[in-house]
Amino acid sequence: MKDIFKALNDETRREILELLKKEDLTAGEIADNFNISKPSISHHLDILQRADLITGEKKGQFIHYSINTTILDDVFTWLLTLKK
1 MKDIFKALND ETRREILELL KKEDLTAGEI ADNFNISKPS ISHHLDILQR
51 ADLITGEKKG QFIHYSINTT ILDDVFTWLL TLKK
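Each residue of the sequence shown is one higher than the last, beginning at 1 in full-length UniProt numbering.
Here it is in C-alpha cells:
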C-alpha cells in the first residue's frame, strides 16, 4: 500500500494514469505529452509498475503500458471501509 500512495503522490504519475485510462501507450507516446526527459518518464513508469498501478506488455520492439484497474478497485474498496 505504501508504494501505491508514493506513486499517487506525484502529479506527473497521476497524469500518466489519466493518459493510460484512455488507451494503452508506449513510453515514447507518454513522453510526448510531457516537457520532461525520457529517462524521467521511465523513472515514473518504474514507480507506477512497482506499485502495480500499471502493467507493461512487450509488443515487437516496444513496451505498451496499460492501467491496472484491479489494484485501483482494491484501493478504493479499502478506502471506503475506512469511512464506515
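Glycine included, C-beta positions come from ideal geometry on N, C-alpha and C. A quick note: this is a predicted structure, and the numbers were derived from the prediction, not measured.
Can you check which of these residues, the options, is closest to residue i by C-alpha distance?
i: residue 70; options: 32, 12, 21; result: 21
i: residue 6; options: 83, 45, 58; result: 45
i: residue 27; options: 84, 72, 10, 66; result: 66
i: residue 23; options: 42, 54, 72, 78; result: 54
Determine the DSSP secondary structure at residue i, reduced to helix, strand or coil.
i: residue 18; result: helix
i: residue 36; result: coil
Locate the beta strand (DSSP E) running through residue i, then write down its first and last residues.
i: residue 54; result: 54-59
Taking the CB atoms as reference points, tell me whether residue i and residue j lie closer together than 9 Å.
i: residue 52; j: residue 35; result: no
i: residue 63; j: residue 13; result: no
i: residue 33; j: residue 19; result: yes
Go to residue i, then tell me how far its alpha helix (DSSP H) extends in each direction, as first and last residue.
i: residue 10; result: First-last for residue 10: undefined, no H or E at that position.
i: residue 29; result: 27-31
i: residue 83; result: 69-83
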